[in-house]
Structure formats: structure tokens, C-alpha cells
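Accompanying notes for the structure given below.
There are 2 protein chains.
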Amino acid sequence: MLKISELAGRIGLSAHTIRFYEKHGLIEASERSESGYRLYNAADVNRAEFVKTARNIGFSLEDIAQLLSIRLDRSSHSCQEVTDITRNKLHEVNRKMAELEAMQKVLSRLLDNCDGGLENATHCSILEVLDNGGLATTGRVN
Amino acid sequence: MLKISELAGRIGLSAHTIRFYEKHGLIEASERSESGYRLYNAADVNRAEFVKTARNIGFSLEDIAQLLSIRLDRSSHSCQEVTDITRNKLHEVNRKMAELEAMQKVLSRLLDNCDGGLENATHCSILEVLDNGGLATTGRVN
DNA sequence: GTTGACCTTAGAGTTGTCTCTAAGCTTATA
DNA sequence: TATAAGCTTAGAGACAACTCTAAGGTCAAC
Ligand SMILES: [Zn+2]
Ligand SMILES: [Zn+2]
Ligand SMILES: [Zn+2]
Ligand SMILES: [Zn+2]
Chain W
388 MLKISELAGR IGLSAHTIRF YEKHGLIEAS ERSESGYRLY NAADVNRAEF
438 VKTARNIGFS LEDIAQLLSI RLDRSSHSCQ EVTDITRNKL HEVNRKMAEL
488 EAMQKVLSRL LDNCDGGLEN ATHCSILEVL DNGGLATTGR VN
Chain P
388 MLKISELAGR IGLSAHTIRF YEKHGLIEAS ERSESGYRLY NAADVNRAEF
438 VKTARNIGFS LEDIAQLLSI RLDRSSHSCQ EVTDITRNKL HEVNRKMAEL
488 EAMQKVLSRL LDNCDGGLEN ATHCSILEVL DNGGLATTGR VN
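So, in C-alpha cells, the structure goes:
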């Protein structure tokens with residue numbers, strides 16, 4: 388039976404975070420000591436590790452709550468439910484990647500066009516682009 | 388001279404958001420009507436458009452505040468200051484992209500390994516991975 | 001028997017970017 | 001002149017995922 392900071396050290400989360408996860412139903416201590424300390428048994432530790440792994444992958448706490456409820460009673464849930472959660476997450480990741488890629492392109496082009504020198508910014512091409520509503524889609528750099 | 392909702396319609400932000408930006412020093416109305424309505428002149432509109440363009444690109448409001456202070460007095464700032472802000476943003480974007488790419492890979496591999504069928508999740512490979520601390524780095528899919 | 005590390009709780013604060021509400025004044029239209 | 005649309009303010013609320021605080025109880029070591 389581990390105390391909270393032992394669990395924390397083991398899975399790499401702070402005790403604060405573990406209590407926070409408990410409040411949100413993700414982690415639980417199946418026992419308490421006489422003085423009220425949380426005590427985690429092997430199953431609790433496994434569950435906490437599941438949560439940590441899922442969080443590392445990038446699942447939201449709400450996703451994790453759903454995955455846990457499936458894990459708790461695998462036989463009354465389908466693989467499809469699991470893949471739905473996973474696929475939704477993948478789509479979300481893909482959307483964000485597309486956004487970031489667009490930003491990356493624009494930022495790179497802005498940097499290509501400004502020398503970044505110490506002279507004053509009176510004719511800075513980056514400021515000009517921002518003043519003119521963005522990169523022209525016609526006309527290209529280089 | 389535009390009123391706030393006219394400016395809002397013109398640049399594609401809500402009046403709420405414009406007031407919020409004003410509170411944070413990004414947009415300003417250089418005049419007020421007798422009754423206290425905000426009135427935006429051409430320079431105010433240009434500034435608001437600058438803000439909108441920068442936000443579209445993905446700059447944070449704090450970045451934009453810095454860019455604005457350079458824009459306000461270009462001759463006492465250097466191109467380098469502008470490229471520093473831009474480069475920092477690009478690095479941040481690159482970091483986030485790398486994180487998302489890692490997530491993308493893991494999620495894709497999880498989906499490759501589970502058929503997503505309607506049978507029950509007793510032996511679901513995704514849950515197994517989460518139970519076992521993540522994808523093994525040795526051993527590969529396919 | 002006292003220090004100091006660890007535990008408890010409820011609840012507030014953080015970050016960033018809005019988003020909305022309430023209560024009341026102004027302006028335009030019919 | 002009545003009604004509706006639009007404007008004002010201060011301030012609250014939303015979201016995710018923590019992060020920390022206060023005020024106090026517990027436990028091991030010296
Ligand atoms: Zn299956
Ligand atoms: Zn420049
Ligand atoms: Zn330059
Ligand atoms: Zn499965």
C-alpha cells in the first residue's frame with residue numbers, strides 16, 4: 388500500500404495532481420489509513436499508471452474518464468468505442484497540425500523577408516505585411 | 388469615424404472582443420462621441436486590422452502588444468526586435484508541431500492495431516497498450 | 001518532545017482568449 | 001412616441017489542466 392507521495396514518485400505526477408485527478412474520478416485510493424491518509428493498492432497503481440500513460444499520449448482527462456469506464460468493464464464495451472475515442476483524438480490532432488503548419492509557413496516566410504538587422508524598423512517587411520493584411524497570396528517570396 | 392460594431396463588421400471581430408482588446412491595450416478609439424460611444428478613425432482602423440492580421444497568423448496578444456509598440460515608433464526599434472518575436476513564435480510552433488506529430492504517430496499505431504469491431508473489448512489492443520505503459524519501442528507494428 | 005516531512009480539506013488562483021450579463025443610456029425608425 | 005437596436009460599464013463566467021494556499025492533523029527520527 389503506497390501513500391500518495393509514493394504513488395506520485397512512482398508514476399511521475401505530483402500529489403496535488405493525483406488529488407486533482409481523484410476529484411475528477413480518474414484515480415482512486417481504495418483504502419484510507421486510520422488517520423485518513425490515502426492508501427493505494429496494486430490495482431490502484433495500475434489504474435493510475437493507465438491514466439498517466441493515456442495522458443502522456445495526449446488524451447484529455449475526459450477521454451481518459453471514458454477509457455477508464457471501458458477498462459473497468461471491458462466485456463460490456465466494444466473495441467469500436469475505444470477506436471472512436473482514439474480516432475476523434477487523432478482527428479483533433481490532425482486539425483491542430485494543419486493550423487500549426489499554416490502558421491509555420493507564414494512565420495517562415497516572414498523571416499525570409501526580413502534581415503533581422505539592427506537598423507531601424509522603418510521599412511521592416513514584417514511590419515509591412517501585418518499592415519497590409521497578411522502575405523499576398525499572389526506574388527511570392529524569392 | 389466608425390462605431391464599434393461597424394469596426395467589428397469591417398475587421399471580423401465582435402464588439403465584445405474589440406473592447407476586450409482595448410482593455411489590453413491592443414486597439415483604441417481615438418475619439419468618443421458626446422454620448423460616450425467609441426469612434427474609430429482611419430488610423431484606428433489600420434491598427435485594428437494590424438491586430439487582426441497578427442492574430443490570424445497566430446501571434447499571442449502579448450506578442451501583438453510588442454509588435455504594436457514597435458509599429459508605433461518604428462524608428463526607435465530594430466528589425467531584430469521584430470524577427471526575435473517572430474522567431475520565438477516559430478520555435479513555439481515547431482515545438483508544438485513536434486508534440487502533435489508524436490501524438491499522431493502513437494494514435495495511428497494504436498488504431499492500426501485495433502480493428503474497432505463491435506465485439507467486446509476484453510482483449511482490446513489499445514487498452515492493453517495503455518495498461519502496459521505505452522507502445523513498446525522495440526517490436527513493431529506490421 | 002520537538003523538529004520537520006508528510007498528510008488532510010476546501011477552496012482560490014493561474015493562463016489565455018474570450019464571452020456574456022446586468023442595468024442603464026442613446027439613436028434610429030415607424 | 002414607442003419600440004428596437006445599439007452603445008456604455010464593471011465584473012462574472014467559461015474552458016483545461018493544473019497549482020497553490022491556509023490551517024491544521026500525523027508520524028518518524030533524534
Ligand atoms: Zn477489436
Ligand atoms: Zn524587418
Ligand atoms: Zn531589416
Ligand atoms: Zn480494440
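So the sequence lines, in the order shown, correspond to chains W and P.
Each number in the numbering used here comes from the position in the first sequence (counting from 1) with 387 added on.
Each number in the numbering used here comes from the position in the second sequence (counting from 1) with 387 added on.
Backbone N, C-alpha and C define an ideal beta-carbon position, used for all residues, glycine too.
Rounded distance between the beta-carbons of residue j and residue i, thought under 8 Å
i                : j                : result
LEU522 (chain W) : LEU477 (chain P) : Not confirmed; about 14 Å, so no contact.
ALA508 (chain W) : ILE457 (chain P) : 6 Å
ARG461 (chain P) : LEU514 (chain W) : 7 Å
LEU413 (chain P) : ILE451 (chain P) : 6 Å
GLY503 (chain P) : CYS501 (chain W) : At roughly 48 Å, the Cβ-Cβ gap does not stay under 8 Å, so GLY503 (chain P) and CYS501 (chain W) are not in contact.
LEU448 (chain P) : HIS411 (chain P) : 6 Å
For residue j and residue i, the rounded distance between their alpha carbons
i                : j                : result
ILE405 (chain P) : LEU455 (chain P) : 15 Å
LEU505 (chain P) : GLY396 (chain P) : 49 Å
VAL493 (chain P) : GLU486 (chain P) : 11 Å
CYS511 (chain P) : HIS464 (chain W) : 10 Å
GLU468 (chain W) : HIS403 (chain P) : 40 Å
LYS483 (chain W) : THR470 (chain W) : 20 Å
ARG474 (chain P) : SER422 (chain W) : 54 Å
GLU436 (chain W) : LEU426 (chain W) : 15 Å
ALA489 (chain W) : GLN491 (chain P) : 17 Å
THR440 (chain W) : ARG419 (chain W) : 25 Å
PHE446 (chain P) : GLU479 (chain W) : 21 Å
LEU394 (chain W) : VAL432 (chain W) : 7 Å
ASN481 (chain P) : SER417 (chain P) : 38 Å
ASN519 (chain W) : TYR408 (chain P) : 20 Å
LEU400 (chain W) : GLU415 (chain W) : 14 Å
VAL438 (chain P) : ASN428 (chain P) : 15 Å
VAL516 (chain P) : LEU389 (chain W) : 24 Å
ARG434 (chain P) : ILE444 (chain P) : 15 Å
GLN453 (chain W) : ALA430 (chain W) : 18 Å
ILE398 (chain W) : ILE398 (chain P) : 49 Å
Measuring from each Cβ to the nearest heavy atom of ligand 4, keep the ones under 7 Å and list them in chain order.
-> Shown in chain order are the residues whose CB sits closer than 7 Å to a heavy atom of ligand 4: W:CYS466, W:VAL469, W:THR470, P:CYS501, P:ASP502, P:GLY503, P:ALA508, P:CYS511, P:SER512, P:ILE513 and P:LEU514.
Alpha helix (DSSP H) runs contained entirely in the stretch 416–501 of chain W, provided each spans 4 or more residues | Listed in chain order, the alpha helix (DSSP H) elements of length 4 or more contained wholly in the stretch 416–501 of chain W are 429–444, 448–459 and 466–500.
Which residues, taken in chain order from the stretch 419–445 of chain W, show a beta carbon closer than 8 Å to some beta carbon of chain P?
-> The stretch 419–445 of chain W vs chain P, Cβ under 8 Å: ASN433, GLU436, PHE437, THR440, ALA441, ASN443, ILE444 and GLY445.
Mind checking the stretch 478–491 of chain P against chain W and listing, in chain order, the residues whose C-beta falls within less than 9 Å of any C-beta there?
-> Listed by position along the chain: VAL480, ASN481, LYS483, MET484, GLU486, LEU487, GLU488, ALA489, MET490 and GLN491.
Going along the chain, which residues of the stretch 497–522 of chain W sit with their C-beta nearer than 7 Å to a C-beta in chain P?
-> Shown in chain order are the members of the stretch 497–522 of chain W whose Cβ falls below 7 Å from a Cβ of chain P: LEU497, LEU498, CYS501, ASP502, GLY503, GLY504, LEU505, GLU506, ASN507, ALA508, THR509, CYS511, ILE513, LEU514, LEU517, ASP518, GLY520 and GLY521.
Return the residues of the stretch 461–479 of chain W that lie within a Cβ-Cβ distance of less than 9 Å from chain P, sorted by chain order.
-> Here the close residues are ARG461, SER462, SER463, HIS464, SER465, CYS466, GLN467, GLU468, VAL469, THR470, ASP471, ILE472, THR473, ARG474, LYS476 and LEU477.
Short-range partners of chain W found in the stretch 390–420 of chain P, where Cβ spacing is below 9 Å = For the stretch 390–420 of chain P, which is checked against every Cβ of chain W, not one residue is closer than 9 Å.
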